[in-house]
Every structure is written in C-alpha cells, then in structure tokens.
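K.L.:
A single structure is presented below for examination.
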Amino acid sequence: MKKCIMLISVLVAMVLIGGCTKTLEQPVTMSDVQIVTAYAPEANFPKSASYAFLRRGPEHQEMSDEVKVIVRRLRDAIKDELASKKYKAAKEDQIDYIVDYQLVAQYSVSILAERTQEEGQDWMTIIGVPDDFIQGALVIDIFDAAQLKPVWRGLCNVNIALADVTDEERNQRAQYAVQELLKTFPPK
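Using the numbering used here, read the sequence shown as starting at 21 and increasing by one per residue.
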C-alpha cells in the first residue's frame, strides 16, 4: 500500500512538473534550423517583467490579409512564449522592455564594416562581418524601455513563414521558431 501511494505521489509530481512546460517538436517540414542569440552582458534581466511591442498589431496597420495572418501568427507565438516566462504585456508607460520582430522578406547578405586607421599610416583597414539572412528568417529584438538600448537579439535563420506549406504547418513552424529563439531569454 505504501508503495502504491508513493508511486502515485511520484506520478502526480511528474505530471505537475512536466505539465507546466510544453516543448514543441521540430516540425518535419523544417530542417537545418540555425538559432543565434546575443545579449548585452551588462543588462539586468529580472525573472518577470512587463513589455510592449514596438509596432502596433496588424489589425491597425495597412497590409495585405496574407501578411496580417503571418504577423498575427508570429506576434501570438511571441506573446505566448513570453507569458510562459512570466513576462506580461502592459501599456507603453509601464513597461520594462520593448519587443520587436522582423521577418526577412528576401534572401540577403549584409556586411557590417568598420574602418580603422593606424596612427602614422595613410591607408585604412576594413573589417567586415557578414550577416547571412535567408528568406523567411525571424529576428526578435528586445530593448530596455528605460534606456532605449538593445539588450537581446535572436535570429532563427530558417524559412519559417514563407515556405510553401499548409497554414497548420506554418503555425507549427512559427511556434517552434519562437520557442527555440526565446529559450535563452532571459539570459541567466
């Protein structure tokens, strides 16, 4: 009898602990998922906070119905994932963070270049750092609302929203990408 009660207690505890987090499986229509994140080491990331999106919702913007669906899908996935981390949406005057997201519309490679000049030299060195964004990639930026400085960035460099798949698969792709991106937010 004691063993039965102990077993039931352990099972209930496992369900309670495991049931609190929902980890999504990578959709079969996605492959070669590349997640890259970076954050400001000097930033303070509390266990819970408030945020607002930088842009208004798609219902308040002029865009095609197809784009509205994509934006709503991404926005909802971000809201859900932040809520699971105890980050709550709030009015703009009461927030800790500003959240922005972008979907790369076309394949591009951008190069951030910095020029340096050595003292006494007439020539300059150019240091180039390429960023390679594929079409449909998702970028999420989080800014400190008080200082208006970026504190965290995540890139999911796989086509999550523009792929030729069903709407249900697009939902799965968006939710999975956001979950994977925000796994490291807030940084510990």
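All C-beta atoms in this analysis are idealised placements derived from N, C-alpha and C, irrespective of residue type, glycine included.
Could you tell me the distance, in whole angstroms, from the CA atom of V124 to the CA atom of E112?
P.N.:
As a first step, residue 124 must be located in the sequence shown, where it is residue number 104. As a first step, residue 112 must be located in the sequence shown, where it is residue number 92. Roughly 26 Å between the two C-alpha positions.
K.L.:
Report the three-state DSSP secondary structure of S70 (helix, strand or coil).
P.N.:
On the sequence shown, residue 70 is found 50 positions in, with the first residue counted as 1. Note: S70 maps to strand in three-state DSSP.
K.L.:
Take the Cβ of E101 as the centre, count every other Cβ of all protein chains shown within 10 Å, and call the residue buried at 16 or more, exposed below.
P.N.:
Reading the sequence shown from its first residue, position 81 is the one you call residue 101. E101 should be labelled buried.
K.L.:
Does the structure place the region 80-97 close enough to the region 50-69 that three or more beta carbon pairs sit under 8 Å?
P.N.:
Segments in contact, no.
K.L.:
Would the C-beta of P66 count as close to the ligand PLP, meaning under 7 Å from any of its heavy atoms?
P.N.:
You won't find the ligand PLP in this model; it holds no ligand whatsoever.
K.L.:
Cβ atoms of I115 and S70: under 8 Å apart, would you say?
P.N.:
By 1-based counting over the sequence shown, the position of residue 70 is 50. By 1-based counting over the sequence shown, the position of residue 115 is 95. Cβ distance < 8 Å, so S70 and I115 count as in contact.
K.L.:
Helix, strand or coil: how does DSSP classify I160 here?
P.N.:
Residue 160 sits at position 140 when you count from the first residue of the sequence shown. Correct three-state label for I160: strand.
K.L.:
Between which two residues does the beta strand (DSSP E) carrying D120 extend?
P.N.:
In the sequence shown, residue 120 corresponds to position 100, counting from 1. Residues Y117 to L123.
K.L.:
Whole angstroms are fine: how far does the CA of R76 sit from the CA of S84?
P.N.:
Numbered from 1 along the sequence shown, position 64 holds the residue referred to as residue 84. Numbered from 1 along the sequence shown, position 56 holds the residue referred to as residue 76. Each residue's Cα considered, the two are about 15 Å apart.
K.L.:
Kindly give me the distance between the Cβ atoms of N179 and Q195, rounded to whole angstroms, as I take these residues to be in contact under 8 Å.
P.N.:
The count along the sequence shown starts at 1 and reaches residue 179 at position 159. The count along the sequence shown starts at 1 and reaches residue 195 at position 175. About 15 Å; that fails the 8 Å criterion.
K.L.:
What residue range is occupied by the uninterrupted beta strand (DSSP E) comprising I55?
P.N.:
Numbered from its first residue, the sequence shown carries residue 55 at position 35. Unbroken beta strand (DSSP E) run through I55: I55 to Y59.
K.L.:
If I follow the unbroken alpha helix (DSSP H) through A97, where does it start and stop?
P.N.:
Working through the sequence shown from its first residue, we reach residue 97 at position 77. Start and end: D85 to S104.
K.L.:
In whole angstroms, give me the CA-to-CA distance for Q192 and L158.
P.N.:
The residue given as residue 192 occupies position 172 in the sequence shown. The residue given as residue 158 occupies position 138 in the sequence shown. Using only the alpha carbons, I get a separation of about 14 Å.
K.L.:
Beta carbon of I118, beta carbon of A165: below 8 Å?
P.N.:
Here residue 118 refers to the residue found at position 98 of the sequence shown. Here residue 165 refers to the residue found at position 145 of the sequence shown. A contact, by the Cβ cut-off of 8 Å.
K.L.:
For Y107 versus I160, is the C-beta distance shorter than 8 Å?
P.N.:
Here the question's residue 107 lines up with position 87 in the sequence shown. Here the question's residue 160 lines up with position 140 in the sequence shown. Contact flag unset, no.
K.L.:
Identify whether P207 lies in helix, strand or coil by the three-state DSSP scheme.
P.N.:
Locating residue 207 in the sequence shown gives position 187, counting from the first residue. Coil, per DSSP.
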